[in-house]
Amino acid sequence: MIYLQLFWAFFIANTLGYGGGPPSIPLIQNEVVDVYGWMSVQEFGEVLAVANALPSPIGTKLAGYIGYQVAGVPGAAVALIATVAPTAIAMILLLQFIHLFRKAPQVKAMTQSVRPVVTVLLGTLTYQFLLGAVEGIGWMQTGILSVASFLLLETWKVHPALVIIVSMAYGFFFIG
């Protein structure tokens, strides 16, 4: 019964949490704290703080930890599956729908029109990150890191993880 409760709690939260992890956090908290009483509000807050400090999507971290706390490794697996299932199901249905009509000119136009939108969205995000970096460390440091990163990635083909580590070290020693 506990596995069904875990599955349902995370499936509902992630189905209704439109927009990814952050919108689903209050829904997960409601299920975990109010509906099933697996944690107190304070415990959930502590788990959320640790999950925010770690890399990867917040929903899967919460599901893995809470599922493990409630029902061990099988509980973690059930909660993770319930967290990923809504998105996986939606993608499968959407891709099947697109596959059925892939030759239709409307679908071709739709998929072609997504590319410039994504490009603009990523460009806007990059610009916002640039402004945040300039505000945080100034033009000179941002320029040094930008040029160095570009050269390391594009000219010398250094792995991105190493560029991130080098940038972090630079920040630690020179920006403080």
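Number 178 marks the last residue of the sequence shown (this note's numbering); no jumps.
Ideal placement from N, C-alpha and C gives every residue a C-beta, glycine not left out.
CA-to-CA distance, residue j to residue i, given in whole angstroms
| i | j | result |
| --- | --- | --- |
| I177 | A150 | 15 angstroms |
| L96 | A90 | 10 angstroms |
| Y38 | Q31 | 10 angstroms |
| V72 | I94 | 30 angstroms |
| K105 | V119 | 22 angstroms |
| V86 | G19 | 12 angstroms |
| H161 | K110 | 35 angstroms |
| I146 | G173 | 11 angstroms |
| Q98 | V34 | 34 angstroms |
| D36 | P107 | 49 angstroms |
| N16 | L132 | 32 angstroms |
| I100 | N54 | 35 angstroms |
| G47 | P28 | 11 angstroms |
| L102 | Q44 | 49 angstroms |
| G140 | G134 | 9 angstroms |
| W40 | Y70 | 11 angstroms |
| V168 | A84 | 38 angstroms |
| I4 | A78 | 12 angstroms |
| M112 | A92 | 18 angstroms |
| E156 | G138 | 25 angstroms |
Proximity to residue i [Cα-Cα], best of the options
| i | options | result |
| --- | --- | --- |
| G52 | G39, Y67, W40 | Reading the sequence as shown, one finds Val at residue 52 and not Gly. When only C-alpha atoms are compared, the closest one is Y67. |
| A11 | Q114, L82, P59 | L82 |
| V80 | H161, L155, L6, V34 | L6 |
| F13 | Q44, I139, L64, A171 | L64 |
| S58 | E48, H101, G23, L102 | G23 |
| L8 | Q44, V75, G138, L50 | V75 |
| Q143 | S26, L127, L56, F175 | F175 |
Exposure label - residue i; buried when at least 16 CB within 10 Å
| i | result |
| --- | --- |
| L164 | exposed |
| S115 | exposed |
| V122 | exposed |
| S42 | exposed |
| G125 | exposed |
| G61 | buried |
Residue i at chain B interface by Cβ criterion, 7 angstroms
| i | result |
| --- | --- |
| F99 | No chain B is part of this structure, which consists of one protein chain only. |
List in chain order: all unbroken alpha helix (DSSP H) runs of 4+ residues lying wholly within the region 42-119. Counting only runs of 4+ residues, the alpha helix (DSSP H) found wholly inside the region 42-119 occupies 43-55, 60-102, in chain order.
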